[in-house]
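Below: the structure, in structure tokens.
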Amino acid sequence: MKCAHKQITLYWSGELSAEQMAKVREHLRDCKYCAQYLDELQALASDIQALPELDPGKNLVLNAVRQIAPEAHQPPVRRVAILATVTGLLLVGIAVWTYLPRNTQQLRPSILQADGRWGEDSKEEIRIAAVKNRLQILKRRQHLTFPSRPARFPGIEKEIHGMQHRVSRISTCMTERCPRSFREILIHKRRKG
Amino acid sequence: MEKELIQRAQKGNTIAAEQLYARYHNRIFSYLWRMTQNRLLAEDAAQETFFKGIKGLKNYREKGTFKSWLFKIAYNEGLRILKKERKYFWQKPVNENDNENIEVPWQSDGSPMNPTPLSDDVMIEKEQQRAMEAALARLPVKERQVVVLRIHEGLSFQEISTIMNCSINTSLGRMHNAVRRMKKMINKGAGQP
Ligand SMILES: [Zn+2]
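What follows is the structure in structure tokens.
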């Protein structure tokens, strides 16, 4: 075998057949250059493996699930089955609701837990969550961009403007929650000039 | 166990989906953090990865592992967000002699600080990790992906080629270049304050 770093890399990675591995092993006995490369690979691997896994400090999966919820909650079942299930669940639900109201609240899927409410509100809830999410992204951009470079970003500002309209429209029925994140942006923006 | 979760999630069970992706929560975030070199971009990209992962789960066929399927989404999401953010951020070109502005995870805000004083050994270890992280950050983005996916995530070069949409030879070449570059940087003491 001739010197071939690719073979050495695959050998180190355990992606060679037994036959190929034997060849590489034989080559490594005579070739300082390749043996050194293998050492370097192993050293790098142990250093990189020691690097920590990072925690974002918030549940990004849950955020994603919240964005999707409406569709994700409708498995493809036939209408008759749905009707039967709904009727059954309704009866069970009423029974459980009457006797164990607190427990049922805990049993609800996380997606509709925000206020413990079902029905009309949940749609708004999800829309607000999506809008809030967008706002957060914009907020972060502002925060990251302005401290180091006080420049104008007409694209973002225009986007924020559009968001403001959408949020204020939605927040007429959900006054407490939505405007806060927007206010934060404004305050931040004012502070940073 | 994972297989079962996947099947349940594919049928539209959001709780199963949540459990499934929770297993990859920190790994996907860490991966994207190392890719984007920015905590907030990594959060956005990770959330988007989970979003697309949950939505697109019905398209997942058991051709490759679920893990490499998910990392392919994360890789594309990371690239997409980097491209998009370049419009908003003035991105400094990678400079091997520039030690400043390299964000290191355990110094970034939000990560828990150790309240007890660190022993010398721990300090040295942390310093070594910081140097490694800084050197890794200075690799060209695609070389860095190969290193992280192979060593930190334990994926094969075959899988990496699929994720990065390149030939296995290209992946192996990137690994070789990365090893040489990292060696040079560490020897030069790059990443030292
Ligand atoms: Zn050789």
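Line by line, the protein sequences are chains L and Y.
Here the first sequence stands for residues 1 to 193, where the numbers follow the numbering used here.
Here the second sequence stands for residues 1001 to 1193, where the numbers follow the numbering used here.
Where is the CB? At the ideal position from N, CA and C, for every residue including glycine.
From a predicted model like this one, the values you see are computed outputs, not experimental measurements.
- By a beta-carbon distance limit of 8 Å, Y/Ile1081 does not contact Y/Gly1053. Their separation comes to about 15 Å.
- Nearest to Y/Gly1154 by C-alpha distance, out of Y/Ala1022, Y/Thr1065 and Y/Tyr1021, is Y/Thr1065.
- Membership of L/Lys2 in any alpha helix (DSSP H) is not indicated, and neither H nor E is assigned to it by DSSP.
- Closest by C-alpha distance to Y/Asn1026, out of L/Lys2, L/Val92, L/Pro52 and L/Ala84, is L/Pro52.
- With a threshold of 7 Å, the Cβ atom of Y/His1176 does not count as near ligand 1, since no heavy atom of the ligand is closer than that.
- Judged by beta-carbon spacing, Y/Leu1032 lies within the 8 Å limit of Y/Ala1045, meaning their Cβ atoms are closer than that value.
- Secondary structure note for Y/Met1001: it is in no alpha helix (DSSP H), with a DSSP letter that is neither H nor E.
- Within the segment 1136 to 1185 of chain Y, the complete alpha helix (DSSP H) segments of 4 residues or longer fall at 1141 to 1147 and 1157 to 1164, listed in chain order.
- When DSSP states are grouped into helix, strand and coil, L/Glu15 belongs to the coil group.
- Judged by DSSP in its simplified three-state form, Y/Lys1011 adopts coil rather than helix or strand.
- Between the C-alpha atoms of Y/Ala1178 and Y/Arg1086 there is a straight-line separation of about 24 Å.
- Per the C-alpha coordinates, the member of Y/Asn1076, Y/Phe1029 and Y/Ala1016 positioned closest to L/Val65 is Y/Ala1016.
- Within the same chain, no Cβ atom closer than 7 Å to the Cβ of L/Glu19 is found once the five residues on either side in sequence are excluded.
- Between Y/Arg1180 and Y/Leu1139 the beta-carbon gap is near 11 Å, outside 8 Å, which marks them as no contact.
- Out of L/Asn63, L/Ala4, L/Gln67 and L/Val92, the CA that lies nearest to the CA of L/Cys31 is found in L/Ala4.
- Exclusion of the five residues before and after Y/Leu1079 leaves no residue of its chain whose Cβ lies closer than 7 Å to its Cβ.
- When rounded, the separation of the alpha-carbon atoms in Y/Ile1160 and L/Leu89 is 46 Å.
- Around the beta carbon of L/Val24, 16 or more other beta carbons sit within 10 angstroms, so the residue counts as buried.
- Listed by position along chain Y, the residues whose Cβ is nearer than 8 Å to that of L/Lys6 are Asn1169, Leu1172, Gly1173 and His1176.
- Distances from the CA of Y/Asn1013 to each of L/Val92, L/Pro56, L/Trp12 and L/Ile68 were compared; the closest alpha carbon is that of L/Ile68.
- For the pair L/Leu60 and Y/Gln1047, the CB atoms are nearer than the 8 Å cut-off.
- When the five nearest sequence neighbours on each side are left out, the beta carbons in the same chain lying within less than 6 Å of the beta carbon of Y/Arg1034 are those of Val1148, in order along the chain.
- Excluding five sequence positions before and after Y/Lys1058, the CB atoms of its chain that fall closer than 8 Å to its own CB belong to Gln1010, given in chain order.
- Chain-ordered, the chain L residues with CB closer than 8 Å to the CB of Y/Glu1018 read Val61, Leu62, Val65 and Ser110.
- For the alpha helix (DSSP H) assignment, the uninterrupted runs of no fewer than 4 residues enclosed by the segment 1033 to 1059 of chain Y are, from N- to C-terminal side, 1039 to 1055.
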